Each structure stands twice: as structure tokens, then as C-alpha cells.
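Below you'll find the structure, written out as C-alpha cells, and then a few comments.
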């Protein structure tokens with residue numbers, strides 16, 4: 013598997029047979045319409061301005077940075093992760109630690125496109141303590157902004173990384189082990205769930221499944237898939 017950075021929006025920061033811990037699921041999250049005023053679609057910049065110095069949930073108390081997201085505002089692919097880790101909180105950018113390097117390798121070495129050509133964000137924009145999964149109230153406070161970002165970008169494909177974004181964006185209780193590799197849909201946009209890079213760091217033997225999933229995304233977008241791996 014050939015899995016071995018980008019215009020940032022400034023910030024004012026797992027297939028196995030084993031049972032995976034179930035993340036929180038937001039029940040009927042509040043719908044946030046992607047408009048700033050009548051007839052004016054929201055932009056990534058206006059959404060960031062709306063977030064401001066957010067105190068909508070308790071995660072703001074321990075954060076160093078709001079990690080908004082980064083990449084091409086007209087990207088064909090949006091990758092949605094779970095939440096920032098230590099490095100992300102320090103730098104104010106998504107996926108810049110070890111898991112982020114693996115994701116970058118998937119994009120650049122596997123898909124043969126630049127990281128700057130995709131858009132990367134998380135379900136929550138502040139780091140949960142000790143890198144735990146975000147809690148339901150935390151997801152509920154933040155997921156509306158992620159949905160706005162998706163509307164503003166209007167990608168051709170969304171790739172959800174891990175249980176939290178998969179279950180909360182798709183409104184399902186199914187775990188990522190069952191969901192990965194199967195095409196789903198979010199508001200008319202095809203969604204490919206796959207394992208989170210942090211899971212692959214713990215279980216490198218599972219990388220083959222992510223490559224299978226990523227090849228499906230490449231085929232859907234007309235990106236050439238290597239004949240030999």
C-alpha cells in the first residue's frame with residue numbers, strides 16, 4: 013500500500029473483529045443554516061468569524077487553539093476527523109501530529125494529490141482532555157459549524173475518519189468496522205467512512221483496509237489508481 017501541507021484558515025488552534033469503544037452520538041443536532049444573511053451563502057471565512065472565541069462547550073476551558081480546518085475552499089474531498097490532539101492544539105492546525113503525517117502520506121503518496129488540494133477538519137474544534145472522544149454536548153455544540161463548512165465547500169466526496177464523525181454525520185449507531193468501505197450519503201454528498209489514522213498507528217496491519225477504501229474514493233473522482241501496489 014503506497015501509504016507511507018496547505019492554505020490554512022487562520023485561528024484567533026479504527027477492520028478488526030475486536031469491539032471498538034462506542035463514541036457519543038448526538039441526537040437530532042440543532043440545524044444551523046449555512047447563511048450569514050438572506051440570500052448570502054456562508055463562506056469559510058464568515059463561518060470562522062461566527063465561531064469567534066468560542067465558549068459554547070466546556071472544551072474551551074483547556075484549549076490553546078481553536079482548530080478550525082484548512083485546505084482548498086473548493087476542494088473535491090473533505091476529510092472529517094474526530095478532534096484535535098496535542099500538536100494540533102499547539103499549532104492551531106488539523107492533523108499535524110503523527111496521525112496527521114500518516115493522513116498526509118495517504119493523500120500525497122497514496123492518492124498522488126497535494127494535501128493543499130483537499131480540505132481537512134474535525135467534528136469538534138477544541139482538544140478533548142487526554143485525547144478522549146468528544147462528549148455528546150461537545151459534539152452538539154460544534155457539529156453545526158462542520159456542516160456549514162461542508163455546505164460552503166460543496167465537495168464531491170466526504171471521507172469520515174473513525175467512529176465519531178461517521179456516526180454523527182450519518183446519524184447511525186453502526187461502528188466504523190461495519191461502516192468502513194461502504195458508500196453512504198450526507199445531504200446528497202457521497203461519504204466514504206474509513207479508519208482514523210490514529211487507529212492505524214496502533215494497528216498498522218489495518219492499513220490495507222484504508223487503502224481499499226481510498227481507492228474507491230479515487231475511482232469515484234476519476235483519479236488514477238496504481239495498477240500494482
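In this note's numbering, the protein residues as written are 13 to 241.
Glycine included, each C-beta is placed from N, C-alpha and C at the ideal position.
A quick note: this is a predicted structure, and the numbers were derived from the prediction, not measured.
Check your understanding: Does any CB atom of chain C fall closer than 8 Å to the CB of residue 124?
Key -> In the displayed structure, chain C is absent; only one protein chain is listed.
Check your understanding: For residue 225, is the classification buried or exposed, using 16 other Cβ atoms within 10 angstroms of its Cβ as the cut-off for buried?
Key -> Taking the chain shown and counting its residues from 1, one reaches residue 225 at position 213. Buried, since its Cβ has 16 or more Cβ neighbours within 10 Å.
Practice item. May I ask you to list the residues that DSSP assigns as paired with residue 172? Key: Translated into positions along the chain shown, residue 172 becomes position 160. Bridge partners of residue 172: 92, 205.
Point to revise | Length-filtered (3 minimum) beta strand (DSSP E) runs lying within the region 122 to 147 | key: 131 to 134
Practice item. Determine which residues share a DSSP beta bridge with residue 80 and list them. Key: By one-based count along the chain shown, residue 80 stands at place 68. Answer by DSSP bridge pairing: none, since residue 80 is not bridged.
Check your understanding: What separation, rounded to the nearest whole angstrom, lies between the Cα atoms of residue 177 and residue 92?
Key -> Stepping through the chain shown from its first residue, residue 177 is reached at position 165. Stepping through the chain shown from its first residue, residue 92 is reached at position 80. Their backbone Cα atoms lie some 6 Å apart in a straight line.
Exercise for review: Return the CA-CA distance between residue 192 and residue 71, expressed in angstroms with no decimal places.
Suggested key: Counted from its first residue, the chain shown places residue 192 at position 180. Counted from its first residue, the chain shown places residue 71 at position 59. Cα to Cα, the separation comes out at about 29 Å.
**Study point:** Residue of 209, 183, 160, 180 minimising C-alpha distance to residue 85
**Key:** One-based indexing of the chain shown puts residue 85 at position 73. With distances taken between Cα atoms, residue 85 lies closest to 160.
Check your understanding: Going by the beta-carbon positions, is the gap between residue 172 and residue 203 smaller than 8 Å?
Key -> Mapped onto the chain shown, residue 172 falls at position 160. Mapped onto the chain shown, residue 203 falls at position 191. Yes. Within cutoff.
Review point. Hey, how far is the Cα of residue 113 from the Cα of residue 107?
Key: Counted from its first residue, the chain shown places residue 113 at position 101. Counted from its first residue, the chain shown places residue 107 at position 95. Each residue's alpha carbon lies about 7 Å from the other.
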